[in-house]
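For reference, the structure discussed in these notes is given below.
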Amino acid sequence: NAGVTQTPKFRILKIGQSMTLQCTQDMNHNYMYWYRQDPGMGLKLIYYSVGAGITDKGEVPNGYNVSRSTTEDFPLRLELAAPSQTSVYFCASSYSKVTSGRGTGEQFFGPGTRLTVL
Amino acid sequence: AQTVTQSQPEMSVQEAETVTLSCTYDTSESDYYLFWYKQPPSRQMILVIRQEAYKQQNATENRFSVNFQKAAKSFSLKISDSQLGDAAMYFCAYRSGLYNNNDMRFGAGTRLTVKP
């Protein structure tokens with residue numbers, strides 16, 4: 796099991812450019828998440844998905860878009876990059892029972908993508 | 011909304027000694043999970059220990075244990091016999107037990123230094 800993988804590891808963007816951060820998990824988890832971590836801070840939820848075709852906003856969704864066409868993949872799209880989006884981005888996944896939402900509660904994290912917008 | 015507070019930005023401990031990291035949280039829910047995650051310089055988020063709120067017994071994982079005080083909304087992490095490899099950022103996190111609430115809230119973190 797590779798767990799949660801993210802590409803790229805590093806990226807520098809110019810203001811106004813767009814890009815997609817890729818995330819894939821091979822644990823057959825139904826829930827997937829995108830977080831951002833600003834310097835010296837904890838993680839904040841951007842978007843999450845409870846299954847293929849279903850996504851919802853988290854705490855800080857502005858400037859981002861997501862889609863979930865398969866169980867394995869959950870890409871994060873940045874449109875019109877701004878310096879405020881300079882951060883480290885983490886993808887995570889977890890399993891919860893569909894009927895009750897209960898599982899271990901644990902989220903498994905990818906290695907992160909460091910994004911700089913200049 | 012739930013909030014998680016880690017009041018110690020930095021802590022240091024001598025190798026082989028014991029250190030306790032503090033965490034408090036605010037919630038009106040009775041069903042939830044609490045976690046401690048470790049983030050070494052590699053940036054990988056690694057689960058250290060988890061606690062379910064309905065379980066009164068404090069969780070333990072080898073050298074790591076928690077002191078879960080539900081009434082006080084306190085969730086501290088004790089690291090015994092500290093090792094150089096324990097040096098990292100430690101994040102306390104809260105997740106609701108509600109099936110339709112997927113928001114995991116993180117504290118700002120505590121940077122732990124281990125002195126040889």
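The listed protein sequences correspond, in order, to chains A and B. Positions in the first sequence are counted from 1; adding 795 to them yields the numbering used here. Positions in the second sequence are counted from 1; adding 10 to them yields the numbering used here. Glycine included, every Cβ here is placed at the ideal spot set by N, Cα and C. Being a predicted model, the structure only gives us computed values, none of them experimental.
In whole angstroms, what is the alpha-carbon distance linking residue i and residue j?
i	j	result
residue 888/A	residue 826/A	5 Å
residue 852/A	residue 841/A	6 Å
residue 850/A	residue 843/A	6 Å
residue 857/A	residue 873/A	10 Å
residue 52/B	residue 63/B	31 Å
residue 890/A	residue 90/B	31 Å
residue 114/B	residue 28/B	28 Å
residue 801/A	residue 70/B	31 Å
residue 100/B	residue 122/B	7 Å
residue 908/A	residue 96/B	23 Å
Go to residue i, then tell me how far its beta strand (DSSP E) extends in each direction, as first and last residue.
i	result
residue 60/B	56 to 62
residue 818/A	814 to 820
residue 36/B	34 to 36
Excluding the five sequence neighbours on either side, which residues of its own chain have a C-beta within less than 6 Å of the C-beta of residue i, listed in chain order?
i	result
residue 78/B	61, 68 and 85
residue 878/A	912
residue 861/A	842, 850 and 871
Can you list, in chain order, the residues of its chain whose CB lies under 7 Å from that of residue i, leaving out five sequence neighbours each side?
i	result
residue 18/B	31, 32 and 120
residue 36/B	12, 13 and 83
residue 16/B	32, 33, 102, 117, 118, 119 and 120
In the DSSP assignment, what residue or residues form a beta bridge with residue i?
i	result
residue 840/A	830/A
residue 850/A	844/A
residue 77/B	86/B
Among the options, whose alpha-carbon lies nearest the alpha-carbon of residue i?
i	options	result
residue 816/A	850/A, 864/A and 886/A	886/A
residue 38/B	124/B, 116/B, 95/B and 104/B	104/B
residue 47/B	15/B, 116/B, 24/B and 81/B	116/B
Closer than 8 Å by C-beta to residue i: which residues in its own chain qualify, once you throw out the five before and the five after it? Chain order, please.
i	result
residue 798/A	820, 821, 822, 903 and 905
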